[in-house]
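Take any residue in the sequence shown, count from 1 to its spot, add 41: that is its number in our numbering. Data first, discussion second: the structure below is written as structure tokens.
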Amino acid sequence: MANYFQSLLLLTIILYTTSMTLAQAPAPAPAGPTNITKILEKAGQFTTLMRLMKNTQLSDQINTQLNNSNQGMTVFAPTDNAFSTLKAGTLNSLSDQQKVQLLQFHVLPIYLTTSQFQTVSNPLRTQAGDSGSQLNITTSGNSVNITTGVVDTPVSNTLYTDGTLAVYQVEKVLLPMSLFGPPSPAPAPGPLKKKKAGSDDDTPTTDDGSASADASGGVVCGGHLHGIYVGVIGIIAAFYL
Ligand SMILES: *[C@@H]1O[C@H](CO)[C@@H](O)[C@H](O)[C@H]1NC(C)=O
Ligand SMILES: *[C@@H]1O[C@H](CO)[C@@H](O)[C@H](O)[C@H]1NC(C)=O
Ligand SMILES: *[C@@H]1O[C@H](CO)[C@@H](O)[C@H](O)[C@H]1NC(C)=O
Ligand SMILES: *[C@@H]1O[C@H](CO)[C@@H](O)[C@H](O)[C@H]1NC(C)=O
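Below is the structure:
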């Protein structure tokens, strides 16, 4: 009888240790190159941004750039709510080129931690480049604001940091002066591309990006299942202990 319990205890300990080891496996960041879409998907409430990034291929660009640069990158991610509170027609009034510019305005070609927000020198150059596409970061205590000259909005949450890429949540779409500032008389609307009438990749009201969400739903689900499996072993082990 004693022997029986001894071996049962041993078995339990082995099972339990194994389950502990397994339980730690899903915790680290996903292997492979950084994937901005995956990060936003995991954060939730960024479907509009994800769709726009996909349509303008900015997500590919960011992923490639992250893989090839050592400067790192900072992305300000407006929530779905931020996009839905834009004045009606704001996105549709933009050409494809301008949409790219708007999105690039949310990306800084340097990695900034929250503590670096306190010391950055304004104005900051964005991926959108030219003058009129710069933004300022202002801080007061621990609160951080982004000011573009058109909008002023707090940085409300840190979604992701890994030493190379930082993603921060903002509650408003960052509108650059170059696109939304008061019209300057000198440069005529030369660079404005003629709006493509039949353009179909930019209908924000209908496409909710569910395809991509579904695609990775499986991955997320798999992870959870694995966790549940491990959890069950743990519970069984704990029960026998
Ligand atoms: C990035 O993640 C998205 C969503 O999970 C996926 O559809 C896409 O294929 C991934 N891209 C790369 C380059 O792995
Ligand atoms: C990342 O960079 C490495 C080396 O520069 C390259 O071999 C690899 O294909 C790149 N991966 C992606 C997803 O761009
Ligand atoms: C941030 O912006 C809000 C308005 O959106 C303002 O009330 C607040 O004072 C600003 N804070 C900083 C640190 O600039
Ligand atoms: C940004 O900061 C610079 C330097 O302090 C200042 O000249 C500029 O007016 C600021 N722009 C905005 C939009 O606040």
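For every residue, glycine included, the Cβ atom is placed at its ideal position computed from N, Cα and C. These numbers were taken from a predicted model, which means no experiment stands behind them.
The stretch 100-120 makes contact with the stretch 193-210: 3 or more CB pairs, one atom from each, lie closer than 8 Å. In the pairwise beta carbon analysis, the stretch 208-219 is classified as touching the stretch 178-194: at least three pairs are separated by under 8 Å.
Counting the other CB atoms within 10 Å of its CB gives residue 169 a total of 16 or more, which places it among the buried residues. In this structure residue 153 is not in contact with residue 215, their Cβ atoms being roughly 15 Å apart against a cut-off of 8 Å.
Within 10 angstroms of the beta-carbon of residue 219 lie 16 or more other beta-carbons, which makes it buried. Residue 159 places its beta carbon 8 Å or farther from that of residue 120.
Beta-bridge pairing by DSSP links residue 116 to 148, 208. Going by DSSP, residue 155 is part of no beta strand (DSSP E) but of the alpha helix (DSSP H) stretching over 155-158. Look at residue 168 here: in three-state DSSP terms it is coil, with no helix or strand label. Look at residue 104 here: in three-state DSSP terms it is helix. The continuous beta strand (DSSP E) containing residue 197 extends over residues 193-202. Residue burial annotation: residue 134 is exposed, with fewer than 16 other C-beta atoms found within 10 angstroms of its C-beta. The continuous alpha helix (DSSP H) containing residue 219 extends over residues 218-221. Residue 184 carries a strand assignment under DSSP once its states are collapsed to helix, strand and coil. For residue 78, the enclosing alpha helix (DSSP H) begins and ends at 77-84.
Cβ-Cβ distances below 8 Å link residue 192 to 213, 214, 215, 216 in the same chain, with the five nearest sequence neighbours on each side left out; the list follows chain order. Taking 7 Å as the cut-off, one finds no heavy atom of ligand 4 near enough to the beta carbon of residue 155. Proximity to residue 89 across 102, 122, 107 peaks at 122, based on C-alpha coordinates. At a cut-off of 7 Å, the beta-carbon of residue 183 does not count as near ligand 4: no heavy atom of the ligand is closer than that.
According to DSSP, residue 175 shares a beta bridge with 166. Going by C-alpha positions, residue 180 is about 16 Å away from residue 117.
Proximity to ligand 4 was defined by a C-beta distance below 5 Å to any of its heavy atoms, and the residues meeting it, in sequence along the chain, are 163, 164, 177, 188, 190.
In the structure shown, the three-state DSSP call for residue 125 is helix. Note that the C-beta distance between residue 149 and residue 131 is not below 8 Å. Taken atom to atom, the span from the alpha-carbon of residue 197 to that of residue 97 is near 25 Å.
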